[in-house]
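Residue numbers for the sequence shown follow numbering that gives the first Met the number 0, so the first one is 0 and each next one is one higher.
Take a look at the structure below.
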Amino acid sequence: MVLPTLLAAAVRSPAASITMAASLPDAVSEVLPSKVAEDPGVVPLWRALRGCYPSDEAALTALTANKGIVTPWVVSPSTITSNNALLRGMLGKQRALNVITKNPGVLACDPERLAISSPQEIEAVASATSA
């Protein structure tokens, strides 16, 4: 019977595409401890982190500096995106990028506490952390 075979192939094919699309880039997997890289929660965290930087390379550099920013039991994608938006609102796009480049860990901070920090405090801590 050809029809059941075609249906089975059609059902499997999208799942295979989803699996491929939901995997981490090799460079990201190589930077992370295997237990972290294998956790399915890392993929949305990587996507959130990648969205904060102008390139894959810049995001990978940030990840290399602070692997905790894509650890599912430490941070959530919404924390990363909220903090990035907060920093851009407070500092402007370029200054926010400068802060998260110097100190990627700021993306994993408690957004409520980050919101009550002054721009000067945030930039000073980022500079001190990167020194």
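C-beta atoms are modelled at their ideal positions from N, C-alpha and C, and glycine is treated no differently.
Predicted model only: the values in this text are computed from it and were never measured.
Among the options, which one has its Cα closest to the Cα of residue i?
| i | options | result |
| --- | --- | --- |
| A125 | T78, A64, E37 and R49 | A64 |
| A127 | R112, K101 and D109 | K101 |
| G50 | R94, V98, Q119 and I79 | I79 |
Between the alpha carbons of residue i and residue j, how many angstroms are there, rounded?
| i | j | result |
| --- | --- | --- |
| I115 | I121 | 10 Å |
| A61 | G91 | 19 Å |
| R11 | D38 | Because R11 sits at a pLDDT of 39, beneath the cut-off of 50, its placement in the model cannot be relied upon, and the following sentence gives the value as read from the coordinates. Approximately 23 Å, taken between the alpha carbons. |
| V46 | S77 | Note on identity: in this sequence residue 46 is Arg, with Val being the wrong assignment. Taking the straight line joining both Cα atoms gives about 11 Å. |
| S81 | R112 | 12 Å |
| P32 | D55 | 19 Å |
| P118 | P110 | 14 Å |
Cβ-heavy atom distance between residue i and the ligand ATP below 7 Å?
| i | result |
| --- | --- |
| S77 | With respect to the ligand ATP, the structure shown offers nothing to examine, as it has no ligands at all. |
Does residue i come out as helix, strand or coil in the three-state DSSP assignment?
| i | result |
| --- | --- |
| V105 | helix |
| T78 | helix |
| A20 | For A20, the predicted structure reports a pLDDT of 40, less than 50, and the residue's modelled location is therefore unreliable. A value from the coordinates is still provided. A20 falls in the helix class under three-state DSSP. |
| P39 | coil |
| I99 | helix |
| V73 | coil |
So does the segment 98-108 actually touch the segment 82-90, counting three or more Cβ pairs closer than 8 Å?
yes
Answer yes if the segment 67-74 comes into contact with the segment 30-45, meaning at least three C-beta pairs across the two stretches below 8 Å, and no otherwise.
Between the segment 30-45 and the segment 67-74 there are three or more C-beta pairs closer than 8 Å, enough to call the two in contact.
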